[in-house]
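These notes concern the structure reproduced below.
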Amino acid sequence: MYVAVKGGEAAILATHDLVAEARRGDPAVPEITVAQIREQQALACARVMNEGSLYDKDLAALALKQSQGDVIEAAFLMRAYRTTLPRFGSSEPLDTAAMAIRRRVSATYKDLPGGQVLGPTYDYTHRLFDFALMEEGREAEPRKASAPLDATMPRVPDILGAEGLMEAEEPPAGDPRPFDLTRDPVSFPADRDVRLQSMARGDEGFLLGLGYSVQRGFGGSHPFVGEVRVGEVAVEFVPEELGFAVDLGEVTLTECQMVNQFQGSKDVPPQFTRGYGLVFGHSERKAMSMSLVDRALKSRDFGEATNYPAQQDEFVLYHADNVEAAGFVEHLKLPHYVDFQGELELIRRIRREREERLAQERGAKEQDTMPEAAE
Amino acid sequence: MNARTPRQHWMATLSRASRDEIAGLLGALPEHEVLKAPETGTVMVEGRAGGAGRRFNLGEATVTRCVVRLANGRMGFSYALGRDHRKARLAALLDARLQDETQDGRYEGGLHDGIAALAAQQDAARELASRKAAATKVDFFTLVRGE
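Protein chains in written order, with my numbering: chain Z, 904 to 1278; chain C, 1385 to 1531.
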């Protein structure tokens, strides 16, 4: 029998009020503004834009405010909002070689055209608390070089590519439109465009763990950071009614090119192979993790064994999406009264049957032993 | 990218400008009708594997567009990242006015000088950011051992 359960409206309304109060915290403390989050929590906003798969700094900041800083809840808000918007089309492919660089480092070449530019990074900080930040009002005054950086810098793997030592990275014949997993169901084995889209919107922690597993031996990778670059890139879009490319403005991106050894196979000579990561905002850890897993997922293409989780596209793609994962994990706390009632009945019946069977067996045994006991 | 037309240049400048900057440049609103009211949607941003290889979908970005027509029939368009409807309408008006002020391929005077000044301001901001980054450029020096 199916029993529909209604009720809880008043309780739900009350919880909305209560969560609003919890979100606000102590009213004696000034309320945080969306602009403050956008400007001062930019790395959190970047994560929300990536995992929400929507570039909009204001919305990411609003999502963080609304979710009390719960990044996955914030990503969920972004995803939900996105579904309400019409899609005008697809941009021209980004030209990351034309990036206005703010940071660019390579672990493979010391002296490279354009140089090593540290940019704004925590890499060389001591991870000691700066208690001065407990107070407000300190203004940074960064140094300025007399001349700007080179207007464009070559992507590092392209330097090796010129020598023929690097796996070529060229569009397939016809430069096809990429698969869009927000429109079409994914099937396996998944092509690289599907994998890259999935990872770009995937959970940073999940990809970090997988990338780490590859380094630790669950996937045998020996990578170098060919390059990490952070900066602004123009987004171009060709509206049908205009017929020419319109520059929509700039997005901040982080790109990572991971360089891996490859011993060669029957068909491919020994060379360096690539892992690629590209993400919204300044998100180096995510871009690096993505590039490690991208290379691991190419194992099959290179005829390598695929024994480890990071090398298996079905495992990676089905579990990278934290909005889906959170939905399935967290749905367990919603009412399952009817399911549980069914299981309860089942367990009771099995136990009853077991007890009856045991009692019968005991009875039979007692009968067997009765004569002896009588002796 | 380098072979942009003057119109592509000013549309790029407008997409990066703030609502107030555009309003300041436009001045009093010219008589017009709104053909396509400001609308926010998304554009799927594409990347390329390795920077130059196979195309893939990186994620979407919010974009707002608007189309207007001046009393003289000139149409103006705006497309820019973000969700600012007011900015979209003002930028579309400015796009129409800038086309109007273009005479015999001359892009000077009036609004064209204004948009050039705005572009110069944006270039200066970009250069300043680049000079700050350049201050973090590493100068390696090699330690010589022995003789």
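Glycine included, each C-beta is placed from N, C-alpha and C at the ideal position.
Review point. Does the stretch 1004–1017 of chain Z come close enough to the stretch 1129–1148 of chain Z to have 3 or more Cβ pairs within less than 8 angstroms?
Key: yes
Review point. Which same chain residues, not among the five before or five after C948 (chain Z), have their C-beta less than 8 angstroms away from its C-beta?
Key: Taking the first sequence and counting its residues from 1, one reaches residue 948 (chain Z) at position 45. Within the same chain, C948 (chain Z) has close Cβ partners I940, R941, K960, A963, A964, L967, G1184.
Practice item. Could you tell me which chain C residues have their CB closer than 9 angstroms to the CB of K1013 (chain Z), listed as they occur along the chain? Key: Locating residue 1013 (chain Z) in the first sequence gives position 110, where the first residue counts as 1. V1522, F1524, listed in chain order.
Review point. When DSSP labels each residue in this structure, what does P1172 (chain Z) get in the three-state scheme?
Key: As a position in the first sequence, residue 1172 (chain Z) is number 269, starting the count at 1. Of the three classes helix, strand and coil, the one that applies to P1172 (chain Z) here is coil, per DSSP.
Exercise for review: For I975 (chain Z), I'd like the list of residues in its chain whose CB is within less than 6 angstroms of its CB, leaving aside the five on either flank, ordered along the chain.
Suggested key: To locate residue 975 (chain Z), count along the first sequence from 1; it is residue 72. Excluding sequence neighbours, I975 (chain Z) sits near N1225, A1229.
Practice item. Put M1385 (chain C) into one of helix, strand or coil per three-state DSSP. Key: Taking the second sequence and counting its residues from 1, one reaches residue 1385 (chain C) at position 1. Low per-residue confidence applies at M1385 (chain C): pLDDT is 45, beneath 50, and the placement is therefore not dependable enough to give any value.
Practice item. Could you work out which residues of chain C lie near S956 (chain Z), taking near to mean beta carbons separated by less than 8 angstroms? Key: Taking the first sequence and counting its residues from 1, the one referred to as residue 956 (chain Z) is at position 53. Within 8 angstroms Cβ-Cβ: G1443, E1444.
Practice item. Provide the residue span of the alpha helix (DSSP H) that contains F1231 (chain Z), from first to last. Key: In the first sequence, counting from the first residue as 1, residue 1231 (chain Z) sits at position 328. Note, F1231 (chain Z): alpha helix (DSSP H), 1225–1233.
Exercise for review: Return the first residue and the last residue of the alpha helix (DSSP H) that M1534 (chain C) is part of.
Suggested key: Outside the displayed span of chain C (1385 to 1531) sits residue 1534 (chain C), for which this structure offers no information.
Review point. Which residues of chain Z have a Cβ atom closer than 9 angstroms to the Cβ of E1430 (chain C), listed in chain order?
Key: By 1-based counting over the second sequence, the position of residue 1430 (chain C) is 46. Those are S993, S994, E995, P996, L997, R1080, P1081, listed as they occur along chain Z.
Point to revise | Beta-carbon separation (whole angstroms), A1445 (chain C) vs S1399 (chain C), contact threshold 8 angstroms | key: Within the second sequence, numbered from 1, the residue matching residue 1445 (chain C) stands at position 61. Within the second sequence, numbered from 1, the residue matching residue 1399 (chain C) stands at position 15. Actually they are not in contact, since the Cβ atoms of A1445 (chain C) and S1399 (chain C) sit about 12 angstroms apart, beyond 8 angstroms.
Point to revise | For N953 (chain Z), the three-state DSSP class (helix, strand or coil) | key: To locate residue 953 (chain Z), count along the first sequence from 1; it is residue 50. Here N953 (chain Z) sits in helix by DSSP.
Practice item. Work out the CA separation of H1125 (chain Z) and L1145 (chain Z) for me, nearest whole Å. Key: Your numbering for residue 1145 (chain Z) matches position 242 in the first sequence. Your numbering for residue 1125 (chain Z) matches position 222 in the first sequence. Each residue's Cα considered, the two are about 48 angstroms apart.
Practice item. Confirm, please, whether the CB-CB distance from L1527 (chain C) to W1394 (chain C) is below 7 angstroms. Key: In the second sequence, counting from the first residue as 1, residue 1394 (chain C) sits at position 10. In the second sequence, counting from the first residue as 1, residue 1527 (chain C) sits at position 143. Their beta carbons are not under 7 angstroms apart, which means W1394 (chain C) does not touch L1527 (chain C) by this criterion.
Review point. If you count every other CB in all the chains shown that lies within 10 Å of the CB of M1279 (chain Z), and 16 or more means buried, which is it?
Key: The question about residue 1279 (chain Z) has no answer, for chain Z in this structure spans 904 to 1278.
Practice item. Measuring only between beta-carbons, confirm whether H1185 (chain Z) sits less than 7 angstroms from chain C. Key: Within the first sequence, numbered from 1, the residue matching residue 1185 (chain Z) stands at position 282. Output row for H1185 (chain Z): interface = no.
Check your understanding: So, do the stretch 1038–1055 of chain Z and the stretch 1508–1523 of chain C have three or more beta carbon pairs nearer to each other than 8 angstroms?
Key -> yes
Review point. Are the stretch 1420–1432 of chain C and the stretch 1440–1454 of chain C in contact at 8 angstroms, needing three or more beta carbon pairs?
Key: yes
Check your understanding: Terminal residues of the continuous alpha helix (DSSP H) containing T918 (chain Z)?
Key -> Translated into positions along the first sequence, residue 918 (chain Z) becomes position 15. T918 (chain Z) -> alpha helix (DSSP H) spans 912–927.
Review point. According to the neighbour-count rule (16 or more other Cβ atoms, all chains shown, within 10 Å of its Cβ), is E1278 (chain Z) buried or exposed?
Key: Taking the first sequence and counting its residues from 1, one reaches residue 1278 (chain Z) at position 375. Only weak support exists for where E1278 (chain Z) lies, its pLDDT of 49 falling under 50; the value from the coordinates is given anyway. Exposed, because fewer than 16 other Cβ atoms sit within 10 Å of the Cβ of E1278 (chain Z).
Review point. Alpha carbon to alpha carbon, how far is L1237 (chain Z) from I915 (chain Z)?
Key: Along the first sequence, one-based indexing puts residue 1237 (chain Z) at 334. Along the first sequence, one-based indexing puts residue 915 (chain Z) at 12. Rounded to whole angstroms, L1237 (chain Z) to I915 (chain Z) spans 13 angstroms at the Cα level.
Review point. Going straight from the alpha carbon of I1406 (chain C) to that of T987 (chain Z), what length do you get?
Key: Here residue 1406 (chain C) refers to the residue found at position 22 when the second sequence is read from its first residue. Here residue 987 (chain Z) refers to the residue found at position 84 when the first sequence is read from its first residue. Their backbone Cα atoms lie some 28 angstroms apart in a straight line.
**Study point:** Classification of E1039 (chain Z) by the beta-carbon crowding that lies within 10 angstroms, buried from 16 upward
**Key:** For the purposes of this step, residue 1039 (chain Z) is taken as residue 136 along the first sequence, with counting starting at 1. Burial call: exposed.
Practice item. Using alpha carbons as the reference points, say which of Z:P1092, Z:P1173, Z:R1188, Z:T1155 lies closest to Q893 (chain Z). Key: There is no way to answer for residue 893 (chain Z), as the model of chain Z reaches only from 904 to 1278.
Check your understanding: Are the beta-carbon atoms belonging to F1175 (chain Z) and L1068 (chain Z) less than 7 angstroms from one another?
Key -> Position 272 of the first sequence holds residue 1175 (chain Z). Position 165 of the first sequence holds residue 1068 (chain Z). Yes; because the gap between Cβ atoms is below 7 angstroms, this pair is in contact.
Check your understanding: Terminal residues of the continuous alpha helix (DSSP H) containing Q1487 (chain C)?
Key -> Mapped onto the second sequence, residue 1487 (chain C) falls at position 103. First-last for Q1487 (chain C): undefined, no H or E at that position.
**Study point:** Contiguous alpha helix (DSSP H) assignments of at least 4 residues, all confined to the stretch 937–1016 of chain Z
**Key:** 937–943, 945–955, 960–969, 974–985
**Study point:** Coarse secondary structure for S1202 (chain Z), derived from DSSP in three states
**Key:** Looking up residue 1202 (chain Z) in the first sequence gives position 299. It is coil, neither helix nor strand.
Exercise for review: Inspect the CB distances between the stretch 1158–1169 of chain Z and the stretch 1111–1130 of chain Z and report whether three or more fall short of 8 angstroms.
Suggested key: yes
Point to revise | Residues within the stretch 1188–1204 of chain Z neighbouring chain C, beta-carbon criterion of under 7 angstroms | key: none
Review point. When you compare each of Z:G1178, Z:G1017, Z:S1116 to A1190 (chain Z) by their alpha carbons, which one comes out closest?
Key: Locating residue 1190 (chain Z) in the first sequence gives position 287, where the first residue counts as 1. Checked all of Z:G1178, Z:G1017, Z:S1116; the closest Cα to A1190 (chain Z) is Z:G1178.
Review point. Is it true that the CB of A1223 (chain Z) sits closer than 7 angstroms to the CB of V1117 (chain Z)?
Key: Within the first sequence, residue 1117 (chain Z) is the residue found at index 214, counting from 1. Within the first sequence, residue 1223 (chain Z) is the residue found at index 320, counting from 1. Result no, Cβ atoms of V1117 (chain Z) and A1223 (chain Z) do not sit closer than 7 angstroms.
Point to revise | is_contact[K1465 (chain C), chain Z] using C-beta, thresh 7 angstroms | key: Counted from its first residue, the second sequence places residue 1465 (chain C) at position 81. The residue asked about is misnamed: residue 1465 (chain C) is Leu in this sequence, not Lys. So yes, L1465 (chain C) belongs to the interface.
Review point. Which class does A1071 (chain Z) belong to by DSSP, given the choice of helix, strand or coil?
Key: To locate residue 1071 (chain Z), count along the first sequence from 1; it is residue 168. Coil, per DSSP.
Point to revise | Contacts around S1101 (chain Z), its chain only, beta-carbon distance under 8 angstroms, and the 5 residues preceding and following it disregarded | key: For this step, residue 1101 (chain Z) is matched to residue 198 along the first sequence. Closer than 8 angstroms at the Cβ level, and outside the excluded window around S1101 (chain Z), lie L1084, V1089, A1093, V1219, L1220, A1223, D1224.
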